[in-house]
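Below is one structure; the comments refer to it alone.
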Amino acid sequence: MFWKIFWFVLAIVGTTNTLIAQELYVFTEPASNMPSNSIGVRLTNEGMINPEFRSRTMGEVMVGLHKNLMVHGQAFLSDMDGKYRLDGAAFYAKYRFLSLDDEQSHFRAAAYAKVATSKRRAFSEDVNLGGDNSGVQGGLVFTQLIHKLALSGTVGYSKA
2 MFWKIFWFVL AIVGTTNTLI AQELYVFTEP ASNMPSNSIG VRLTNEGMIN PEFRSRTMGE
62 VMVGLHKNLM VHGQAFLSDM DGKYRLDGAA FYAKYRFLSL DDEQSHFRAA AYAKVATSKR
122 RAFSEDVNLG GDNSGVQGGL VFTQLIHKLA LSGTVGYSKA
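When you read off a place in the sequence shown, starting at 1, and then add 1, the result is the number in the numbering used here.
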């Protein structure tokens, strides 16, 4: 029964003539910013089994302060070290310094910086400012939109 419903929904979605699309970057940031005076909320949960199940929850509030400036605040909670507790926090800011708009295309460039703190002991050499390490990060992000194709590239530096 599940597969019949699945294929039916897929057929309906696949035969839709008009689709409305938006740039969607789930785990990365485009060079575009949130609109001014807007607030966004993101809640992410990660889990791993090693040898028992452990999880991390990352709550994030995003604020568009100006068309060229947005900030994020994050809190990291986990039971990676036993009890579920607050592991750390992070602050992120992005400033869009270039915006070239054309009909059905645009190019954006932005500079970003992130500072994070974590109470967790580092268990690998991997730099992860999403709850595992304290550190700083900064760089540039470029986004090109051509019709409905969005391309994004980032160059940055991280230090834990």
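Glycine included, every Cβ here is placed at the ideal spot set by N, Cα and C.
C-alpha distance - residue i paired with residue j, whole-angstrom precision
i           : j           : result
residue 94  : residue 39  : 15 Å
residue 79  : residue 34  : 29 Å
residue 76  : residue 49  : 19 Å
residue 37  : residue 153 : 22 Å
residue 149 : residue 132 : 34 Å
residue 66  : residue 111 : 15 Å
residue 161 : residue 114 : 14 Å
residue 100 : residue 108 : 6 Å
residue 87  : residue 42  : 18 Å
residue 118 : residue 68  : 28 Å
residue 72  : residue 127 : 25 Å
residue 47  : residue 59  : 8 Å
residue 6   : residue 102 : 42 Å
residue 45  : residue 11  : 27 Å
residue 74  : residue 4   : 41 Å
Selection from the options that minimises the alpha carbon distance to residue i
i           : options               : result
residue 120 : 129, 113 and 89       : 89
residue 61  : 155, 100, 92 and 106  : 92
residue 84  : 56, 8 and 128         : 56
residue 53  : 118, 72, 81 and 127   : 81
residue 159 : 129, 74, 31 and 43    : 129
residue 97  : 127, 31, 138 and 136  : 31
residue 116 : 106, 136 and 59       : 136
residue 139 : 155, 118, 105 and 147 : 155
residue 147 : 126, 127, 105 and 118 : 105
residue 157 : 7, 29, 46 and 4       : 29
Buried/exposed call for residue i, threshold 16 Cβ in 10 Å
i           : result
residue 134 : buried
residue 2   : exposed
residue 142 : buried
residue 144 : buried
Under the three-state DSSP convention, the category residue i falls into
i           : result
residue 10  : helix
residue 149 : coil
residue 115 : strand
residue 160 : strand
Closer than 8 Å to chain E by CB, residue i
i          : result
residue 47 : Checking the listed chains, one finds no chain E in this structure; it contains a single protein chain.
Practice problem: Just list the alpha helix (DSSP H) runs in the region 21-108, keeping only unbroken ones of 4 residues or longer that don't cross its boundaries, in chain order. | Solution: Here no run is fully enclosed.
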